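Taking full-length UniProt numbering, the leading residue of the sequence shown gets 1, the next gets one more, and so forth. Think of the CB as a built atom: it goes at the ideal place given N, C-alpha and C, for glycine as much as any other residue. As the structure is a prediction and not an experimental result, all values here were calculated from the model.
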Amino acid sequence: MGGPEGGMIRTARPGDRDALYALWAACFDAPHIVPLYESDPGRHERTFVVPGPGGLLACVYYLPRPIRDGRGGVLRVGGVANVATRPDARGQGHVRRLLAAAVAAMAADGCAWSLLFTGTPAVYSGWRSFELPLVSGPLAVPGGVCAPLRAAVPEELAGLHEAHNRRRPLTTVRDPAHWRVRVPLWYGELLRTGDAYAAVRWHADELEILEVAGDLETLLPALAGEALRRGIRRARARLAWDDPAVPYLLASVRRDSDRTGMARAVLADPDPVVRAPGAAHWPADYF
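Next up, the structure:
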């Protein structure tokens with residue numbers, strides 16, 4: 001693969017390991033990138049690179065992912081990640097050409113569409129932004145005795161997650177390796193009550209809830225109670241604006257959105273999934 005505007009494009013090889021990791025280290029402060037990448041046994045054939053003097057100039061990687069369509073079906077989707085250009089090689093069109101190569105490979109791989117999450121949407125010509133709901137506000141004071149919270153082990157939560165998300169658009173079908181490797185890398189703390197769990201981060205002035213599943217009417221008051229006990233008065237959560245459980249967490253609600261998601265058609269239109277009511281993409285499913 002190649003073109004008139006830059007160096008030859010090829011897929012990565014095992015011998016590129018040090019150069020690839022050096023490229024990412026120059027572009028990202030994200031220690032989770034390497035262990036996530038190494039958990040993918042087919043990573044080299046789906047990593048597209050531009051070699052150059054002194055190593056690799058740029059790369060794009062994609063990971064096929066089973067994504068629920070919200071109607072009981074599962075789609076193969078190409079998740080784009082680890083997009084990087086060496087600082088001295090920027091502005092030469094490398095990423096644009098690498099993304100085109102990745103999309104062509106996704107089509108050959110049977111991916112219905114492509115998905116990514118980014119803070120720099122202008123880089124991704126052809127992908128369209130979409131929004132996912134967030135809620136925030138002051139914590140509600142629990143009305144009675146809260147259920148006890150305990151630390152959870154990722155693998156024990158798979159059944160709750162599956163039941164909660166079985167027909168939820170844009171959620172990932174997680175296999176055991178996903179629970180074993182990816183979930184612990186993305187979530188620092190998992191807490192559960194009897195039939196529910198949450199992934200949380202405790203900030204100095206706010207409880208952040210990254211993922212939930214199960215009996216939220218029991219879980220959310222328990223989280224609110226624990227936050228208040230710690231002197232925290234506010235929370236934000238990845239919950240739908242109209243989720244009936246929100247009042248169990250928040251006394252009043254500010255509606256917000258996560259605007260980092262982008263999707264692009266490959267073999268099918270992503271809009272019926274990414275813009276569907278109730279669509280959710282949990283952080284442990286980032287690529």
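- In this structure, Ala-280 lies near Leu-132, with their beta-carbon atoms less than 8 Å apart.
- The three-state reading of DSSP puts Glu-206 in coil, since its state is none of H, G, I, E or B.
- The continuous stretches of beta strand (DSSP E) do not include Val-103, which lies in the alpha helix (DSSP H) extending over residues 94-108.
- Inside the stretch 175-207, DSSP marks whole beta strand (DSSP E) runs of 3 or more residues at positions 189-193, 196-202, from first to last along the chain.
- The C-beta of His-32 has fewer than 16 other C-beta atoms within 10 Å across all chains shown, which makes the residue exposed.
- Every unbroken stretch of the alpha helix (DSSP H) spanning 4 or more residues and falling wholly within the stretch 13-87 is given here in chain order: 17-27, 33-38.
- Here the alpha carbon of Val-212 sits roughly 14 Å from the alpha carbon of Ala-151.
- Counting other Cβ atoms within 10 Å of its Cβ, Pro-221 reaches 16 or more and is therefore classed as buried.
- For Pro-169, the number of other beta carbons within 10 angstroms of its own is at least 16, and it is reported as buried.
- Assigned with DSSP and collapsed to three states, Asp-243 falls in coil, not helix or strand.
- For Gly-137, the enclosing beta strand (DSSP E) stretches over residues 128-138.
- Counting along the chain, Asp-258 sits inside the beta strand (DSSP E) bounded by residues 254-265.
- Around the CB of Phe-28, fewer than 16 other CB atoms lie within 10 Å, so the residue is classed as exposed.
- A distance of 8 Å or more separates the beta carbons of Thr-47 and Thr-85.
- Shown here, Val-141 sits in coil according to DSSP, grouped into three states, outside any helix or strand.
- At a Cβ-Cβ threshold of 8 Å, Leu-20 and Leu-57 do not count as neighbours.
- If you check the CB distance, Ala-102 and Val-80 come in under 8 Å.
- Contact check for Trp-113 and Pro-270: beta-carbon distance about 4 Å, within the 8 Å limit, so the pair qualifies.
- Here Ala-26 has Ala-84, Arg-86, Pro-87 as same chain residues with Cβ atoms under 8 Å from its own Cβ, once five neighbours each way along the sequence are excluded.
- Ala-268: not part of any beta strand (DSSP E); DSSP gives it neither H nor E.
- Look at Thr-118 here: in three-state DSSP terms it is coil, with no helix or strand label.
- With a threshold of 16 other beta carbon atoms within 10 Å, Asp-175 falls short and is exposed.
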